[in-house]
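Notes follow the structure.
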Amino acid sequence: MAERTGNPRRLLLRDFLSLDQCKELEFIHKSSSTVGYRPNVFSTTLSHLIATNCPQLIVPLVPLREKLKDKVEEFFGCEYELCIEFTGLVRSDHFAYGVRPYVVKKAVCYLNTHGRSFSGGLFHFQDGEPKTVVPSAGDLLMYTADSRNIHAVDEVTGGERLTLTLWFSRNSTHDEDVKLISRLSQICSTAGSRFSIYSSHAENDLSEPCDLLLKPLQLTRGDELFSYEFSNILHALQVVQYYFSKSSGLPSPKSELGPGKIAKLSHPQRERVDDLKHFLVKDHKLPWEIFDFTSHEGAGLLDFNWAYFSAAVSAWEDYTSEKHKELLLSMPQWKSHQSMFCVSFGGP
């Protein structure tokens, strides 16, 4: 849906991304997001993925941003003229963009659906068509960043709206790829369930919460302690998110967990868990928002099974290993062209 003029200003494309692609991006965002550039905005940027030592999670984003950029340039008739200034997975309650005069085009791809995942959040243009956009998973809205597209967005009154957002510029000095490749080069040149965390470190380490989050930990659920030790809180978060987002596609475990994989919490361990929850969890609604995957399109509350969760730990390691390999194989081409794009690795 778009205005057909000699100088188009906006376009709405239905089903630009598949639901599986939307879910993949939602997983990346929920396992890595941070507070963004506005209050009540959580964002996952490519630079954030690098900073949190998760550069392999950039790989699934590369073909999608390339596809999106090609569509924007095709529609606006500016092939090979634009560079990507910003790429972000943005989850917001109050949707607001900063003003950057060098940004000439914007694109918003919705990753979940109004009325199912959230209420409110409708996108309204001052005039022209489409005048009001009702978000639906996979839909792409692109528009010129100028006075012809004055707009406002309703407050999200329930749930969370998630988007893949790109900003484009004609000024190559604002190309984010150059900066990202430089940072990646530095890195590559060097080697529905309620979860709690249990740290075996001494009690006095509660004085430094940031340091504590970087230390190895284990997960508990109810009175059960999972024996696997995660390297840090981000590692644990990503595996939990992976378990829920990929639950339907995980292979069935060959057998139940063997002895010693799950242990009953002792009384001192239970007290330790309670202390950590009190110390680290200031917003008691936040764990439900993070770990309960009712927000996925078509998903409901999932039954939890430790054997399947253990399989998810192994599957996550395989997933990240594969993406990291793709990243390393792509880097020579990216460095040569100073641009991030899909690289063909050959083969039969």
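When the letters of the sequence shown are read in order and numbered with our numbering, they come out as residues 478 to 825. Ideal Cβ positions, reconstructed from N, Cα and C, are used throughout, including at glycine. This structure is a prediction, so every number in the text was calculated from the model and none was measured.
The residue among K500, L804, R747, F818 with its C-alpha nearest the C-alpha of L534 is L804. Its chain contains Q695, G737, K738, I739, A740 as the residues whose beta carbon lies nearer than 8 Å to that of S704, once the 5 sequence neighbours on both sides are disregarded; these appear in chain order. In terms of CA proximity to A792, P730 leads the group Q815, P730, S807. About 19 Å separates the beta carbons of R568 and H628, which is beyond the 8 Å limit, so they are not a contact pair.
For A740, the uninterrupted beta strand (DSSP E) segment begins and ends at 739 to 741. Spatial neighbours of T564 in its own chain (CB-CB distance under 6 Å, excluding positions within 5 residues in sequence) are listed in chain order as L523, R542, L643. About 7 Å separates the CB atoms of T590 and P612; that is less than 8 Å, so the two are in contact. The Cβ atoms of R638 and F595 sit closer than 8 Å to each other.
Annotated three-state conformation of V633 is strand, per DSSP. Here V581 carries a strand assignment [DSSP, helix/strand/coil].
Secondary structure note for H801: its alpha helix (DSSP H) is the uninterrupted segment 783 to 814.
For E701, the pairing in a beta bridge is given by DSSP as R698, K741. Taking C-beta separations shorter than 7 Å and ignoring five residues to either side along the sequence, the partners of I664 in its chain run I527, P532, following chain order.
Bridge pairing for Y587: T640 [DSSP].
In the displayed model, R491 falls within coil according to three-state DSSP, outside both helix and strand. Under the DSSP assignment, S596 falls in the beta strand (DSSP E) whose first and last residues are 595 to 597. The C-alpha of T634 is placed about 27 Å away from the C-alpha of V717. Between D616 and L490, the beta carbon gap of about 7 Å places them in contact (Cβ cut-off 8 Å). Counting along the chain, L618 sits inside the beta strand (DSSP E) bounded by residues 617 to 621. In the three-state reduction of the DSSP assignment, L734 falls in the coil class, being assigned neither a helical nor a strand state.
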